[in-house]
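**Q** Numbering (the UniProt record's numbering), first residue to last: 1 to 495.
The beta carbon of each residue, even a glycine, is placed where N, CA and C say it ideally should be.
Bear in mind the structure is a predicted one, so any value in this text is a computation, not a measurement.
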Ligand SMILES: [Zn+2]
């Protein structure tokens with residue numbers, strides 16, 4: 001069914017659940033290191049392997065992060081809350097239950113203001129943010145899809161078991177209409193910016209440290225009753241969030257319009273063709289037999305502690321954007337370009353590292369955005385830091401590099417050749433500023449174009465451009481064009 005037709009007949013309702021892995025030093029309930037990857041089953045102990053008699057202890061800094069996230073999302077923080085056991089069997093979860101929170105989340109009833117591409121702001125309600133632990137990872141070997149169906153055998157790695165997670169759940173998002181897929185993407189993007197600014201997680205969707213489940217249902221146009229929803233699991237890029245929501249809207253609309261039912265189930269998103277496929281029927285919370293965790297004491301943050309944590313909140317991304325706009329005197333449109341290319345934060349960091357605003361902007365919005373696009377990654381994930389970009393800008397400013405050489409240096413940094421200064425040394429990229437080296441090239445160029453020399457002598461100094469071009473070519477772009485021009489004019493007696 002075509003998208004316009006979907007919207008003529010139905011209103012979409014979204015619910016987004018985001019799991020974020022905290023970047024604490026240790027796991028949620030034991031002292032094992034919390035680090036991505038590693039040799040399988042080396043970051044484990046009796047507690048996170050669920051061995052008999054092992055007892056959990058809550059990670060205090062994970063609780064701090066949970067409270068800060070709640071505050072950043074304008075939530076109320078519970079004065080008293082508990083953990084709960086969510087009971088189910090899965091091989092990647094050796095305890096046979098997940099320690100989570102159920103009816104007593106640490107943070108609840110907040111909102112996040114989300115800016116869309118055209119500058120319109122949508123307020124997304126936050127139902128809750130609760131603490132839990134991650135599961136291990138299963139690796140299904142031998143099948144075509146990497147899923148368990150068709151696999152010959154499965155391997156288990158418990159390094160991730162017990163890694164602290166915060167699950168952030170929105171209230172139903174209604175009224176987005178046509179823009180529902182865009183709202184979903186913008187919400188996840190804004191949430192990621194917020195969590196990154198707080199320094200609570202490295203928010204790498206490609207490594208699974210931020211994962212989004214997208215619930216989608218349709219109501220007949222003008223009907224307040226929500227339809228049956230599907231839940232597309234672990235969508236792992238911003239673009240995929242948008243595509244998955246749009247696909248589900250279209251799929252459900254075609255089912256409903258031919259009188260069929262939407263099944264309440266989890267679904268998998270296929271990157272390759274942008275479709276979803278059926279997973280398992282969705283359990284209800286009764287199926288999990290939640291009960292309060294008897295091995296952990298309740299969490300009762302004092303209001304003094306909450307206020308202390310509130311004072312550690314960084315300048316939030318949207319506050320920073322407003323300040324940037326004022327400080328840098330950007331129009332709404334210029335600011336939006338900066339935000340839409342994902343460049344606002346990196347440009348700000350480059351300015352903080354000493355670069356002029358205009359230079360920082362043009363490097364990130366033009367050259368580096370092209371590099372990110374051609375590599376298919378987000379700007380912020382390019383392997384070059386704002387500090388390195390600021391260094392290149394400074395070297396251009398002082399005449400050590402030309403713009404062209406500066407771009408080559410950055411390409412070297414992106415290729416993993418080290419810091420800008422290391423790339424300059426190893427690639428031999430410094431500007432030829434030694435006049436005697438330039439003079440030889442200039443004299444050669446002048447001798448080759450006597451007619452141009454005549455014109456310059458006759459007062460047409462703009463004709464010098466042809467000689468500058470020849471010299472730049474002869475020095476393979478490593479000359480300072482401004483200095484070359486000065487020397488040409490001197491030698492032709494036109495100064
Ligand atoms: Zn452990």
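Please specify which runs of the alpha helix (DSSP H), each continuous and at least 4 residues long, are wholly inside the stretch 197-263, giving them in chain order.
**A** Listed in chain order, they are 238-257.
**Q** Could you check if residue 175 is buried or exposed, using at least 16 other CB atoms within 10 Å of its CB as the buried criterion?
**A** It is exposed - the Cβ of residue 175 has fewer than 16 other Cβ atoms within 10 Å.
**Q** Assuming residue 112 contacts residue 190 (C-beta within less than 8 Å), just tell me the rounded distance between them.
**A** Correct: roughly 6 Å between the Cβ atoms.
**Q** What residues come near ligand 1, if near means a beta carbon less than 6 Å from any of its heavy atoms?
**A** Listed by chain position, these are 27, 30, 32, 44, 45, 47, 48 and 162.
**Q** Tell me whether residue 388 is buried or exposed, calling it buried when 16 or more other Cβ atoms sit within 10 Å of its Cβ.
**A** Counting Cβ neighbours within 10 Å, residue 388 comes out buried, since at least 16 surround it.
**Q** Please classify residue 332 as buried or exposed, where buried requires at least 16 neighbouring CB atoms within 10 angstroms.
**A** Exposed, by the Cβ-count rule.
**Q** Where residue 484 and residue 406 are concerned, what is the direct C-alpha to C-alpha distance, given to the nearest angstrom?
**A** Distance between the alpha carbons of residue 484 and residue 406: 18 Å.
**Q** Taking residue 396 as the reference, which of 380, 356 and 381 has the closest Cα?
**A** The residue with the shortest Cα to Cα distance from residue 396 is 356.
**Q** Determine the direct distance from the alpha carbon of residue 360 to that of residue 347, and round the result to whole angstroms.
**A** Each residue's Cα considered, the two are about 6 Å apart.
**Q** Once you ignore the five residues that flank residue 478 on each side, which residues in its own chain have a CB closer than 8 Å to its CB?
**A** Within the same chain, residue 478 has close Cβ partners 402, 405, 429, 430, 431 and 432.
**Q** Roughly how many angstroms lie between the CA atoms of residue 215 and residue 80, to the nearest whole one?
**A** Taking the straight line from one Cα to the other gives about 29 Å.
**Q** Tell me which residue opens and which closes the beta strand (DSSP E) that residue 319 is part of.
**A** Note, residue 319: premise wrong, no beta strand (DSSP E); alpha helix (DSSP H) at 317-328.
**Q** Quick one: is the Cβ of residue 341 within less than 7 Å of any heavy atom of ligand 3?
**A** What this structure holds is ligand 1, not ligand 3.
**Q** Given this structure, state the Cα-to-Cα distance separating residue 261 from residue 240, to the nearest angstrom.
**A** Looking at the two C-alpha atoms, the distance is approximately 25 Å.
**Q** Could you say which of 439, 438, 489 and 440 lies nearest to residue 460 if we only look at CA atoms?
**A** The shortest Cα separation from residue 460 among 439, 438, 489 and 440 belongs to 489.
**Q** If you compare alpha carbons, which of 1, 55, 73 and 131 is closest to residue 197?
**A** Considering only alpha carbons, the answer is 73.
**Q** Between the Cα of residue 208 and those of 440, 426, 14 and 21, spot the shortest distance and give me the residue it belongs to.
**A** Among 440, 426, 14 and 21, the Cα nearest to that of residue 208 belongs to 21.
**Q** I need the straight-line Cα distance from residue 182 to residue 338, nearest angstrom please.
**A** When rounded, the distance between both Cα atoms is 18 Å.
**Q** Go ahead and label residue 252 buried or exposed: buried means 16 or more other beta carbons lie within 10 angstroms of its beta carbon, across all protein chains shown.
**A** Looking at its Cβ environment, which holds 16 or more other Cβ atoms inside 10 Å, residue 252 is buried.
**Q** Can you list the beta strand (DSSP E) stretches of 3 or more residues lying completely in the stretch 137-188, in chain order?
**A** Segments of the beta strand (DSSP E) lying fully in the stretch 137-188: 137-141, 153-157 and 164-170.
**Q** Among the residues of its own chain, which have a CB less than 8 Å from the CB of residue 497, if the five just before and after it don't count?
**A** Outside the shown range of the chain, which is 1 to 495, sits residue 497, and nothing can be said about it.
**Q** Pull the bridge partners of residue 26 from the DSSP assignment, please.
**A** Paired residue(s): 33.
**Q** List the endpoints of the continuous alpha helix (DSSP H) containing residue 340.
**A** Unbroken alpha helix (DSSP H) run through residue 340: 332-340.
**Q** Would you list, in sequence order, the uninterrupted alpha helix (DSSP H) runs of no fewer than 4 residues that lie entirely inside the UniProt domain "Asn/Gln amidotransferase" (345-492)?
**A** For the UniProt domain "Asn/Gln amidotransferase" (345-492), whole alpha helix (DSSP H) runs of length 4 or above, ordered along the chain, are 357-362, 369-375, 386-397, 403-414, 420-427, 435-448, 450-457, 464-474 and 481-491.
**Q** By Cβ distance, which residues of its chain are closer than 7 Å to residue 192, with the 5 residues on each side in sequence left out?
**A** Once the five neighbours on either side are set aside, the close Cβ partners of residue 192 are 203 and 210.
**Q** So, are the CB atoms of residue 219 and residue 1 less than 8 Å apart?
**A** No, the pair does not count as a contact, with Cβ atoms beyond the cut-off.
**Q** Does residue 107 come out as helix, strand or coil in the three-state DSSP assignment?
**A** Three-state result, residue 107: strand.
**Q** Does the distance from the C-beta atom of residue 502 to that of residue 76 stay below 8 Å?
**A** Outside the shown range of the chain, which is 1 to 495, sits residue 502, and nothing can be said about it.
**Q** Report the rounded CA-to-CA distance for residue 9 versus residue 48, giving the unit in angstroms.
**A** Each residue's alpha carbon lies about 49 Å from the other.
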